[in-house]
Ligand code: SF4
Ligand code: SF4
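Here it is as structure tokens:
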């Protein structure tokens, strides 16, 4: 098992700052979904992490803690995260790469 970034969407969806999405060195890893948190009344959405692309470098943790001061990202062991997003495909276009993700539950290990 290894560490990946986990975003507290309740905190993130109350800010709309999007700062971490500009600093992750792995392309198409921190994504922003404007619909996340809508059921709690959030108008802004939330960032989330495609865990299959995350290298656990913790740059996003520093950005969220120190630059944005929102403390919404922690590194967690991948098997401790209840719901994950993984990449199912990337399309390369003239304007850049667009990744498609699936969000799913992590199967608990016996
Ligand atoms: S820096 Fe923190 S609060 Fe801002 S978008 Fe990223 S996770 Fe959300
Ligand atoms: S830990 Fe590093 S690779 Fe993973 S989402 Fe954060 S900045 Fe990107």
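Numbering (the working numbering), first residue to last: 13 to 122.
We treat Cβ as the ideally placed atom computed from N, Cα and C, and that holds for glycine.
Note that this is a predicted model, so its numbers are computed, not measured.
### Message
Can you list, in chain order, the residues of its chain with a C-beta nearer than 7 Å to that of residue 79? Leave out the 5 residues immediately preceding and following it.
### Response
31
### Query
Less than 7 Å between the CB of residue 22 and some heavy atom of ligand 2, yes or no?
no
### Query
For residue 44 versus residue 53, is the C-beta spacing smaller than 8 Å?
no
### Query
Where residue 18 and residue 106 are concerned, what is the direct C-alpha to C-alpha distance, given to the nearest angstrom?
31 Å
### Task
Tell me, please, which residues DSSP counts as bridged to residue 17.
87
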